[in-house]
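As structure tokens, the structure follows; a few thoughts come after it.
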Amino acid sequence: MQVNLLYRSDINASQNLVVIVQDLQQAQSYCTSEQVWQYLQKQVKDEKKEQVKLIHLNQFTHHTFVLYSPPQNKAAYYLKESYRKKGHEIASILASEDLSDLQITNAVTSDIASEAVLDVAEGVLLSTYEFLKYKSDPRKLHPLVQLTLSGQGLTEAKITALNNTVHGTFAARNLVNEPFVYLTAPQLSEEIKKLGKEAGFEVEVFDKAQIQAHNMEGLLTVNKGSLDPPTFNILTHKPDNAINEHPYILVGKGVVYDTGGLSLKPTGNSMDFMKSDMGGAAAVVGSLYALAKNNAPVYVIGLIPATDNRPGQNAIAPGDVITYSNGKSVEIMNTDAEGRLILADALIYAARFKPQLVLDFATLTGSAVRALGNHAMVMVGTANRDIKSQLLHSSEQTYERMVELPLWEEYGEPLESDIADINNLGISEAQAIIAGKFLEHFVDNYPWIHLDIAGTAYLHKPQTYKGKNGTGSGVRLMYHFLTNLVK
80 MQVNLLYRSD INASQNLVVI VQDLQQAQSY CTSEQVWQYL QKQVKDEKKE QVKLIHLNQF
140 THHTFVLYSP PQNKAAYYLK ESYRKKGHEI ASILASEDLS DLQITNAVTS DIASEAVLDV
200 AEGVLLSTYE FLKYKSDPRK LHPLVQLTLS GQGLTEAKIT ALNNTVHGTF AARNLVNEPF
260 VYLTAPQLSE EIKKLGKEAG FEVEVFDKAQ IQAHNMEGLL TVNKGSLDPP TFNILTHKPD
320 NAINEHPYIL VGKGVVYDTG GLSLKPTGNS MDFMKSDMGG AAAVVGSLYA LAKNNAPVYV
380 IGLIPATDNR PGQNAIAPGD VITYSNGKSV EIMNTDAEGR LILADALIYA ARFKPQLVLD
440 FATLTGSAVR ALGNHAMVMV GTANRDIKSQ LLHSSEQTYE RMVELPLWEE YGEPLESDIA
500 DINNLGISEA QAIIAGKFLE HFVDNYPWIH LDIAGTAYLH KPQTYKGKNG TGSGVRLMYH
560 FLTNLVK
């Protein structure tokens, strides 16, 4: 059951309520007795000034959550993330107290008042996600049914945009959490069609014959060991009021399950969560969902090559050579470096649209995880500094953080091959960069950014509002980035 998100110009102080205050005196009128007011004052008496504090007041007839946020010297995006995390804490209390309704308002009268309400609401909403499809008794743990927002600067449009972006994130999380027994490459295409119909973006799916006709050798090669055919998915959001003539293109790695192929993954648990290897595809689908659902005035295309990677009887073998439609030959040194092989086809295909910018998302390397853990994605690319700065700004505002690494030419040297133009592996050192250097060979005269989300797309332990398992990494980032590019 989805949470019903509403806007009201006023609130009912005798019902469950979150009130954001900078001065504690602003919360006094929400206390039902002098004893409650004294208790509230004691809770913040010894707190650090630069800290957002949540005080839960069970007033018996209703619950009041005072979010005390004194003036901060920290960067604004840190404060936004603090609000989201407090939203997660509030969602946890709602679950433990079995509360089905909540209001959020801001007693602060400032330009950022509405943003604070939206940030807290975002943390609450994202924390209500549950994947219950395969539970025999699918009872929701989160009881929240209605969330009402109120405050200076809030509009229906802002609230709707938040709601649709959250549901785009949920769509991505659902896809990542689906097991491979259900989510084969053809089924992924069916799920994309359903989401396209729901949100309003167009979907075209190439079957194997069409993929062969387009000479997508990387995708066909990885698919050789599979029992299921590959698909190539084209998602289009092109509203009549689109500001850009040429599209922004999002490319997503759609490896629905990865065994490593004949270069079988070596460690004991390295295959256990490989259903998540299509996290890049999920990011693209969720982003298109949010953009289309909000009718964002931006022309965006999503490209998703999809297959699994298995060691079947006809599987590609280390040492084999393939040649792409752009004439580039590749020696396959490791079949577990398959994601870059299928992304290359999509990057070649993207050129026909003369895009303003291409961004690819992929759970591509363990190197990205070893370097940054699960707190940030790796960014490399050829786009200019202005575009990268805007992307980094969006990463801060959404707290989907990234670290840019260099694409120096020396990192491309390990890709040299004795018998082909390049090989698909390189060396283990700096593999997150080397993978980017491989992809660069297939970028044709357009600005490009590669985002390795191997560490952020799937979590093995709960992490505040991101939860556990699939996170929807990249959706909120892309919505903020693309909608701000066209402002």
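For what it's worth, my numbering labels the leading residue of the sequence shown as 80, then goes sequentially. Ideal Cβ placement from N, Cα and C applies to all residues, glycine included.
I'd like to confirm the pairing. Which residues does DSSP put opposite Q182 in its beta bridges?
L96 and T227
Within a Cβ cutoff of 6 Å, which residues of the same chain sit near Y368, ignoring the five residues on either side of it in sequence?
Here the set comprises G247, A250, L274 and A278.
Smallest Cα separation from L173: which of N185, N453, Y157 and P222?
P222
Restricting to runs no shorter than 3 residues, where is the beta strand (DSSP E) found entirely within the region 348-377?
none
Do P567 and I506 have their CB atoms nearer than 8 Å?
The shown model of the chain, from 80 to 566, leaves out residue 567, and the question about it has no answer.
What three-state label does DSSP hand N242 in the structure shown?
If DSSP states are grouped into helix, strand and coil, N242 belongs with the helices.
DSSP beta-bridge partners of A441
D531
Limits of the unbroken alpha helix (DSSP H) element including I290
K287 to A292
Per-residue DSSP class, three states only, for L49
Past the edges of the chain, shown from 80 to 566, lies residue 49, and the structure says nothing about it.
So M456 is in the alpha helix (DSSP H); what residue range does that whole segment cover?
M456 -> not in any alpha helix (DSSP H); beta strand (DSSP E) instead, spanning M456 to G460.
Along the chain, where does the alpha helix (DSSP H) that runs through Q422 open and close?
Here residue 422 is Leu; the residue named in the question, Gln, does not match the sequence. G418 to A429 is the extent of the alpha helix (DSSP H) around L422.
Taking the alpha carbon of L262 as the point to measure from, which residue in D307, K219 and M295 has its own alpha carbon closest?
D307
Are the C-beta of L85 and some C-beta of chain B separated by less than 8 Å?
Looking at the structure shown, chain B is missing, and only one protein chain is on hand.
For the beta strand (DSSP E) that E519 lies in, which residues bound it at each end?
No beta strand (DSSP E) holds E519; the alpha helix (DSSP H) holding it covers Q510 to E519.
Relative to the alpha-carbon of L382, which residue among F352, I313 and V400 has its alpha-carbon at the smallest distance?
Of F352, I313 and V400, the residue nearest in Cα terms is I313.
Neighbourhood of Y403 by C-beta, 8 Å cutoff - its chain only, sequence neighbours within 5 removed:
N294, E296, G297, V409, A423, D424, I427 and F521
Out of curiosity, what's the CA-to-CA distance linking I328 and S473?
17 Å
Give the secondary structure of S408 by DSSP, where H, G and I count as helix, E and B as strand, and everything else as coil.
strand
Below 8 Å on the Cβ atoms is my guess for P217 versus L226; work out the distance and round it to an integer in Å.
With 8 Å as the limit, P217 and L226 do not qualify as a contact, their Cβ atoms being about 22 Å apart.
Spatially closest choice to A371 from L96, T244 and V196, by CA coordinates:
T244
For K317 and V379, the rounded distance between their alpha carbons:
Each residue's Cα considered, the two are about 6 Å apart.
Taking Cβ to Cβ, would you say A533 is nearer than 8 Å to T444?
It is a contact, given that the beta carbons lie within the stated cut-off.
Check the DSSP bridge columns for M481 and list the partner residues they point to.
M456
Output the boundary residues of the alpha helix (DSSP H) element that contains A192.
A192 to L205
Using a threshold of 8 Å, state whether the C-beta atoms of G166 and E201 are closer than that.
yes
Out of curiosity, what's the CA-to-CA distance linking K287 and A514?
26 Å
Give the C-beta separation of I183 and L84 to the nearest angstrom, bearing in mind that I take them to be a contact with Cβ-Cβ under 8 Å.
Wrong, their Cβ atoms sit about 10 Å apart, outside the cutoff.
Out of L564, G551 and H559, which one is the CA nearest neighbour of R252?
Comparing Cα positions, the closest option is G551.
Range covered by the beta strand (DSSP E) that runs through I383
V379 to N388
Cutoff 8 Å; reference I411; Cβ partners in own chain excluding five residues on either side:
The residues T300, I395, A396, P397, G398, D399, V400, I401, L420, N502 and N503, in chain order, have a CB closer than 8 Å to that of I411 in the same chain once the five nearest residues on each side in sequence are set aside.
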